[in-house]
Amino acid sequence: MSGYKRVSGDAIEYEVFARKTRVEPLHQVGSVVAPDADLAMAYARATYDEERWCEMAIVRKEDVIHLWSPGQA
Amino acid sequence: MSLPDLVLSLADNKQMLGLRYAEWATRAPSLEADIAAAAMGLDDLGHSRVLYGCLEPLGADPRGTERESDAASLRNLPYFDEPWTEWSQFVAANAILDTAFTVMIEACVTGSVEVLQHRLRKMLMEERYHFLHGRSWLRSGIETGPLNRAWQEAIEWFGPPDGDTARLHREGKLSMGPAELRGRLEEQMETKAPQTEVDWKQWDAVRRRGRKGAIDAHTFGMLRGLEEKKYAPPTAAKQAAT
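Those protein sequence lines, which keep their order, are chains A and B.
The first sequence runs 961 to 1033 under my numbering.
The second sequence runs 193 to 434 under my numbering.
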């Protein structure tokens, strides 16, 4: 998750996670900006559906709890 | 009107919806909305291909040669006749008309016709994201003009209370008739349709629309491949002639 921030107004940044097979863990494939979860789901699917994911999920970036960040470890 | 006629109308409308979505792939309010417009356009163009492919297995392909030369022979709704100039037109089509087509696909998938049950099911999964997109943008608020027009045309497209859709429902080929389709659309949109009056005597049962007209010449040319030819490199024969 980069430090770049492009959210303004009521928009919320969501991180997008996906995996191709059940045996691999979910990993971050990108992010989308949307005012609500419905639109974020539609955007995530439209933006990152090029590959045959078996699972895709989104998480509000602000809900991620950081234990530490780059330069703090 | 037969089931293939209805499927052809659905295919033509999906094709036009896909093209109109795609026109907004670089004009939507955000980068994400651009990408969504392009993706939904591709989805609906793909859906139209599948629907055209259902016509032969259904036993009758109503497409005639007039479709090559007469834009008014295509069975799209008036909403798609001209490119949209406002984002609110996009949102109203995405929320109301796209969902109306999905509701009809549901009626086909849960009806008694096997080829439609099998081939159209995957569309419902893809359409879920079109619905989320349209509903969310609708909640942000748009002008009532395009919204009321989309509702009006959706209800017209479902057909009259005693028309072909009602008969196909009675025969079990569709799991919903016009009243049920409208009710399902209202349920999905979590609102009642605005007051609409349809003059069914003026309604064109083939094109499922109450207003005359046709898609613009540029779009029709593109559908026929004529626009591509304008940009194609000259052939060896043409080069030899010059």
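For glycine and all other residues, C-beta sits at the position ideal for the given N, C-alpha and C.
Because the structure is a prediction, the values reported are computed rather than measured.
Rounded C-alpha distance that separates residue i from residue j
i, j, result
"residue 226(B)", "residue 211(B)", "14 Å"
"residue 249(B)", "residue 307(B)", "7 Å"
"residue 275(B)", "residue 405(B)", "14 Å"
"residue 1016(A)", "residue 295(B)", "26 Å"
"residue 243(B)", "residue 298(B)", "14 Å"
"residue 409(B)", "residue 423(B)", "17 Å"
"residue 313(B)", "residue 998(A)", "22 Å"
"residue 342(B)", "residue 264(B)", "20 Å"
"residue 331(B)", "residue 992(A)", "19 Å"
Test: residue i CB closer than 7 Å to a CB of chain B
i, result
"residue 999(A)", "yes"
"residue 992(A)", "yes"
Interface residues of chain A facing residue i [CB-CB closer than 8 Å]
i, result
"residue 227(B)", "1003, 1006, 1007"
"residue 324(B)", "998, 999, 1001, 1002"
"residue 332(B)", "995"
"residue 212(B)", "Neighbours of residue 212(B) on chain A: none; closest Cβ ~16 Å, over 8 Å."
Cβ pair residue i, residue j closer than 7 Å
i, j, result
"residue 286(B)", "residue 337(B)", "no"
"residue 284(B)", "residue 346(B)", "no"
"residue 267(B)", "residue 316(B)", "no"
"residue 193(B)", "residue 358(B)", "no"
"residue 277(B)", "residue 367(B)", "no"
"residue 970(A)", "residue 995(A)", "yes"
"residue 989(A)", "residue 974(A)", "no"
Contacts of residue i in chain A (Cβ-Cβ under 7 Å)
i, result
"residue 224(B)", "992, 993, 994, 1003, 1007"
Any C-beta of chain A under 7 Å from that of residue i
i, result
"residue 231(B)", "yes"
"residue 328(B)", "yes"
"residue 321(B)", "yes"
Whole runs of the alpha helix (DSSP H) within the region 354-410 of chain B, excluding any shorter than 4 residues: 356-362, 370-381
Just list the alpha helix (DSSP H) runs in the region 233-300 of chain B, keeping only unbroken ones of 4 residues or longer that don't cross its boundaries, in chain order. 279-284
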